Amino acid sequence: MRVKNNRCFIKAFCYGFCVLLILFSCQSKADNEAIFKSHFKSNDGNVTSIGAQYWSNSLQDWYISDNRLECLVSDDYRNIYLLSRRLNKQEGYLEMKVRLGFFNKDVSYLNNNWAGFSIGSKRKLNDDNDNTTLSDGINLGVCTNGTLFIGEPSPNHKNQDVLQVLDKGVDLKVNISFVEGSYIIDLSLSNIETGKILANISKKNVSQKLLSEGSLVLVSNFENTERNKVNRTKSVWFKDWEIKGTKLTRVEK
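Under mature numbering (1 follows the signal peptide of the UniProt record, and there is no 0), the residues of the sequence shown are numbered -30 to -1, 1 to 223, in order.
Here it is in structure tokens:
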């Protein structure tokens, strides 16, 4: 009887220890994982400025309306930097998604009209007139012909499944994971009504250096052949920007 009681005690102890270990692991992950959500709420349906936690290279080109962040021009590298979060140096993972749609669906010759993200940008945010390229970060997104890209767009064939819903909106999601000394970037596009994945691509062996610190940015990029004149055609809208992961760090003021 004593032996049986000892066995029961050992089993109970082991079970309790395993439960505590699982809870501790989950709590440690939660402690190390930062989360950001922005829903771009407008005040009583009125037009609203973008807010203090964002920076843009051209503030007058953006506003919030109908609970969406809208870009009022179709021009080169219109962007929104997130000031309250950024990438950290540690190895880890990142998940980021945003709902977006196109007002302007013009397809350029080299397929350079697109919307999406720039990740890991090291630019200094000190010049409101600076609309230089984001080449120090990784650009990724969806083009007006419906194709995805990571790095630089290319003149691919049109994706008709995506084109049918670009104006209504799609969910753009990127997953970044660290595997054996480098990063893997997975980019996907989903139908907002059915959740069906309409397109997806991946890029392996991405250098740690490219994703070691840096800003997280929303981008609207449209070719403008008239360099001294801004194209006042609305380009894209964003809403429900969400980010989480161990690579995400809160920026203290």
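Beta carbons are placed, not taken as given, at the ideal position from N, Cα and C, and that holds for glycine. In this text, all values refer to a predicted model and were calculated from it rather than measured experimentally.
The beta strand (DSSP E) spanning residue i covers which residue range?
i: Asp156; result: 152 to 161
i: Asp141; result: 140 to 149
i: Asp210; result: 206 to 215
i: Leu52; result: 48 to 52
i: Tyr39; result: A small correction: the amino acid at residue 39 is Leu; Tyr does not occupy that position in the sequence shown. Where Leu39 is concerned, the enclosing beta strand (DSSP E) stretches over 38 to 41.
i: Ala169; result: 167 to 176
i: Thr219; result: 218 to 220
i: Val68; result: 64 to 72
i: Leu80; result: Segment: none, Leu80 is in no beta strand (DSSP E) and carries neither H nor E.
i: Ala22; result: That residue, Ala22, is in no beta strand (DSSP E); it is neither H nor E in DSSP.
i: Phe6; result: 4 to 8
i: Leu188; result: 185 to 191
i: Asn109; result: 108 to 113
i: Glu118; result: Per the sequence presented here, residue 118 reads as Leu, with Glu not at that position. 118 to 120 is the extent of the beta strand (DSSP E) around Leu118.
i: Ser35; result: 32 to 35
i: Arg202; result: No beta strand (DSSP E) holds Arg202; DSSP gives it neither H nor E.
Quick check on the burial criterion: 16 or more other C-beta atoms within 10 angstroms. Buried or exposed for residue i?
i: Lys179; result: exposed
i: Leu95; result: exposed
i: Trp211; result: buried
i: Glu150; result: exposed
i: Pro123; result: buried
i: Leu58; result: Inspection of the sequence shows that residue 58 is occupied by Asn rather than by Leu. Looking at its Cβ environment, which holds 16 or more other Cβ atoms inside 10 Å, Asn58 is buried.
i: Gly215; result: buried
i: Phe(-22); result: Any reading at Phe(-22) needs caution, since the residue's pLDDT is 44, under 50, leaving its predicted position unreliable; the model's value is listed next. So Phe(-22) counts as exposed.
i: Tyr153; result: buried
i: Ile213; result: buried
i: Tyr24; result: buried
i: Ser177; result: exposed
i: Leu159; result: buried
i: Leu52; result: buried
i: Asn126; result: exposed
Could you check how far apart the C-beta atoms of residue i and residue j are, in whole angstroms? I think they sit under 8 angstroms.
i: Thr114; j: Asp76; result: 6 angstroms
i: Phe119; j: Leu133; result: Contact flag wrong, Cβ pair sits at about 15 angstroms.
i: Val162; j: Gly139; result: Going by the sequence as given, residue 162 is Ile instead of Val. Indeed they touch by this definition, with Cβ atoms about 5 angstroms apart.
i: Ser54; j: Arg220; result: 7 angstroms
i: Ile155; j: Ile146; result: 5 angstroms
i: Leu157; j: Val68; result: Going by Cβ atoms, the distance from Leu157 to Val68 rounds to 12 angstroms, so no, they are not a contact pair.
i: Lys208; j: Arg56; result: The residue you asked about is not Lys; residue 208 is Phe in the sequence shown. The pair is not a contact, with the Cβ atoms about 18 angstroms apart (cut-off 8 angstroms).
i: Asn201; j: Val43; result: 6 angstroms
i: Asp137; j: Gly71; result: 6 angstroms
i: Phe148; j: Tyr33; result: That belief does not hold up - the Cβ atoms of Phe148 and Tyr33 are roughly 37 angstroms apart, past 8 angstroms.
Nearest to residue i by CA position, among the options, is which residue?
i: Glu65; options: Asn194, Lys143, Phe148; result: Lys143
i: Val206; options: Ser147, Phe192, Tyr79; result: Phe192
i: Ile171; options: Lys59, Pro125, Asn194, Val112; result: Val112
i: Asn27; options: Tyr153, Leu80, Asn49; result: Asn49
i: Ile20; options: Asp45, Asn82, Ser35; result: Ser35
i: Asn198; options: Asp46, Phe72, Thr216, Leu181; result: Asp46
i: Asn169; options: Phe87, Gly86, Asn129; result: For the sequence presented, residue 169 should be read as Ala rather than Asn. With distances taken between Cα atoms, Ala169 lies closest to Asn129.
i: Asn83; options: Ile89, Gly116, Asp106; result: Gly116
i: Asp31; options: His9, Cys41, Val176, Gly71; result: Cys41
i: Asp131; options: Phe87, Asp106, Leu29, Thr164; result: Thr164
i: Arg93; options: Asp106, Tyr24, Phe87; result: Asp106
i: Glu61; options: Tyr51, Lys7, Ser182, Phe73; result: Ser182
i: Lys204; options: Phe73, Lys217, Phe148; result: Phe73
i: Leu186; options: Ser160, Pro125, Leu218, Lys11; result: Leu218
i: Ser88; options: Ile108, Ser78, Lys7, Tyr79; result: Ile108
i: Thr195; options: His9, Ser78, Ser12, Lys7; result: Ser78
Going by DSSP, what residue range makes up the alpha helix (DSSP H) through residue i?
i: Leu133; result: 130 to 133
Who does residue i pair with in a DSSP beta bridge?
i: Leu95; result: Per DSSP, none; premise fails for Leu95.
i: Ser88; result: Asn109, Val187
i: Arg197; result: Per DSSP, none; premise fails for Arg197.
i: Leu57; result: Gly184, Leu218
Is residue i near the ligand MN - that is, is its Cβ less than 8 angstroms away from at least one heavy atom of it?
i: Leu218; result: Although the ligand MN was asked about, the structure shown includes no ligands whatsoever.
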